[in-house]
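Written below as structure tokens is the structure these notes are about.
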Amino acid sequence: MSLSPLRSVLSNFRKPALASQSCISQCQSMLSSISGRQNQNISVTSHDEHTNSSNDQTFSFRDSKLAHVAKSNSEVIRALLVFKMCSFPTLVKYNKKLMDISRKIFGRSLFRLIMKMTFYGHFVAGENEASIQPLIMRLKKYGVKSILDYSVEKDIQEDEAVQIVKKSLSEVLQTPEKRPEAATKQYQISVRFANRTKQVVGARSYFYKSEYQCDHNMETFMKCIDVSSKYGEDRGFTAIKLTALGRPQLLQQMSDFLVQMKRLFFLLTKADNGQKGGLASLDLDNFRKKLEALGVKIAYDEEVKWFTLLDVSGDGVLDLLDWSHLKAFEYDLASLFILKNKKTGEVEQLVPTLTTEGIEEMRNMIKRVDTLANYAKSVGVRVMVDAEQSYFQPAIRRLIIEMMRLFNKDKAVIFGTYQCYLKEALESLTQDLNHAATENFYFGAKLVRGAYMDQERARAKELGYEDPICSDFNATTAMYESCLEEVFKAIKKRRSGQVSVMIASHNEDTVRYALKKMHVYNVAREDRLICFGQLLGMCDQISFTLSKLIIFLF
């Protein structure tokens, strides 16, 4: 059984990354924490800097006793040892190879024992419900709640990953022999990047083995929901990844489909030559004229059929919300993406179509997602859907919005994740907030920085499309703060309680910024709309300082 990581979460909701300052300050406080404690159940003294709301934006994370109050002396020493080991670049870079060698030298049993005494012991909660219960209860004692995140993926070799992708291309997708010029490079399936674990640290990757394995993953997530329900009173959290619930290439194809759909909408609604502006929406007559102008040949009956399917609101007019609605994906709209190449005059298929098997697998994936969401809502647990590589995100976002429409009618059950290192993060978040406001469902979000930067940049360079990642750390920070600002505006604009956000950050400045915005927008802690989160063992000085500062538990 794999060792299962547990995400340490706080009373207001909490994750991003790139927080070297935070980690260093945690290390600096460890030795003073050891000398300053008498036993592991040390009492905590409140300080004004932790409780004065007017100074939230300037309060300190330097109280070593508070930062490590939940640890024994031996656990503090272990944390210091782990931090020191992680400071060696060679050890970090080649950690998988070194672990494989160590496993061969020491044997499986001794290797597991060594890891439990060091890295796994610090960052991993346990292997099953019985082993994680003591830690959950101890964290809870100090005001820190837990998000269970079971690790069900397995290591995979490069050649095996390539074979899985090649098999997907033949089994579930019908791809044209030649990639059309107008096709989206970002969403094409490439065997050169089949192994999605390369150049990724700290994020899980799932590889498709069979429908049976996807069902097993769903059952594992359901067990996680059970544990969250048992130990996380007042609506706990469970984290899931959609690539564990179906063939990832289906999400990639769906993303391609949705992006082309959005592009076609703008082609159909943009102004004709010589006209100013463009159409914000589209009626049936204009729909037909624009399709003809683009070289799309559809019979009248078919035009009416497509228009009816895409006009979700039933008002006789298409807008972008209708156009991007997932309902359209339930039908074969491939004919809308057979366009004439203006240079060659040839008709080109822009988006690969699904085989019969592919359609069935997509339905199975959606059923698994639906089963998890229904079950979580029935037992009072919230589902946090993790973000993944950018070429999966349009599909993941679409599925999350559909889940919100169904399950967030009276409270936020489904939470989506927004990666603020993406250039389009603010646009995506704003669109989804607008969808929620237009259709009047509750909106839940987790804001992170992102975990796939090196891989995303390498792929963009290799395949020849624009780098989707912000230029540098400061640009990512600016994007994160812009997204936070948009969330706070939405909180004040909509009825109280309809927008909630988890600020998932290991960065002290980001946390201070969020607390400052809570003060500016007059969002009280008692409103329970803002929460913070860190990975277990990553930034205890943030987690436990906030647990003392924040006066309610989620």
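Numbering-wise, full-length UniProt numbering puts 138 at position 138 of the sequence shown, and it's gapless, one number per residue.
Cβ coordinates follow ideal geometry from the N, Cα and C atoms, glycine included.
These numbers come from a predicted model, not from an experiment.
Point to revise | Run of the beta strand (DSSP E) containing residue 419, from where it starts to where it stops | key: Per DSSP, the unbroken beta strand (DSSP E) holding residue 419 starts and ends at 414-419.
Review point. Can the beta-carbon of residue 511 be found less than 7 Å from the beta-carbon of residue 542?
Key: It is a contact, given that the beta carbons lie within the stated cut-off.
Point to revise | Straight-line gap, residue 90 to residue 109 (C-alpha atoms, nearest Å) | key: Linking residue 90 to residue 109 through their CA atoms gives a straight-line distance of about 25 Å.
Exercise for review: Give, in chain order, every unbroken run of the alpha helix (DSSP H) that is at least 4 residues long and sits entirely within the region 57-110.
Suggested key: Segments of the alpha helix (DSSP H) lying fully in the region 57-110: 64-67, 73-86, 89-93, 95-106.
Review point. In chain order, which continuous runs of the beta strand (DSSP E) of length 3 or greater are located wholly inside the region 451-479?
Key: As far as the region 451-479 is concerned, it has no whole beta strand (DSSP E) run of at least 3 residues.
Check your understanding: Quick one: Cα of residue 137 to Cα of residue 130, how far?
Key -> The alpha-carbon atoms of residue 137 and residue 130 are separated by roughly 12 Å.
Review point. What is the rounded straight-line gap between the Cα of residue 126 and the Cα of residue 266?
Key: In this structure, the CA atom of residue 126 is about 50 Å from the CA atom of residue 266.
Review point. For residue 431 versus residue 387, is the C-beta spacing smaller than 7 Å?
Key: Residue 431 places its beta carbon 7 Å or farther from that of residue 387.
Review point. How would you call residue 520, buried or exposed, if buried means at least 16 neighbouring beta carbons within 10 angstroms?
Key: By the neighbour-count rule (16 or more Cβ atoms within 10 Å), residue 520 is not buried but exposed.
Exercise for review: Could you tell me if residue 252 is buried or exposed, where buried requires 16 or more neighbouring beta carbons within 10 angstroms of its beta carbon?
Suggested key: Note on residue 252: 16 or more other CB atoms within 10 angstroms of its CB, so buried under the neighbour-count rule.
Practice item. For my contact list, residue 228 and residue 381 are in at a C-beta cut-off of 8 Å; report their separation, rounded to the angstrom. Key: About 5 Å separates the two Cβ atoms, so the contact holds.
Practice item. Could you check if residue 22 is buried or exposed, using at least 16 other CB atoms within 10 Å of its CB as the buried criterion? Key: At residue 22, the pLDDT of 39 sits below 50, so the modelled position is not reliable and the matter cannot be decided from this model.
**Study point:** Exposed unless 16 or more other CB atoms sit within 10 angstroms - verdict on residue 69
**Key:** Of the other Cβ atoms in all chains shown, 16 or more fall within 10 Å of the Cβ of residue 69; this residue is therefore buried.
Check your understanding: Does residue 359 get closer than 7 Å to chain B when you measure Cβ to Cβ?
Key -> Here chain B cannot be found, since the structure has a single protein chain.
Review point. How many whole angstroms separate the CB atoms of residue 442 and residue 475, which I take to be in contact at a CB cut-off of 8 Å?
Key: With 8 Å as the limit, residue 442 and residue 475 do not qualify as a contact, their Cβ atoms being about 31 Å apart.
**Study point:** Given residue 464 as reference, the closest of 186, 499, 83 once Cα atoms are compared
**Key:** Taking residue 464 as reference, the option from 186, 499, 83 with the minimal CA-CA separation is 186.
Review point. Any idea if residue 421 is buried or exposed, counting beta-carbon neighbours within 10 angstroms, 16 or more meaning buried?
Key: Label assigned to residue 421: buried.
Exercise for review: Answer with buried or exposed for residue 362, where buried requires no fewer than 16 other C-beta atoms within 10 angstroms of its C-beta.
Suggested key: Residue 362 comes out buried.
Practice item. Please state whether DSSP places residue 246 in a helix, a strand or coil. Key: Residue 246: coil per DSSP, three-state reduction.
Check your understanding: Start and end of the beta strand (DSSP E) containing residue 443?
Key -> Going by DSSP, residue 443 is part of the beta strand (DSSP E) stretching over 443-448.
Check your understanding: Counting Cβ pairs, one atom from each stretch, are 3 or more of them under 8 Å apart for the region 497-505 and the region 452-467?
Key -> Cβ pair count under 8 Å is below three, so no.
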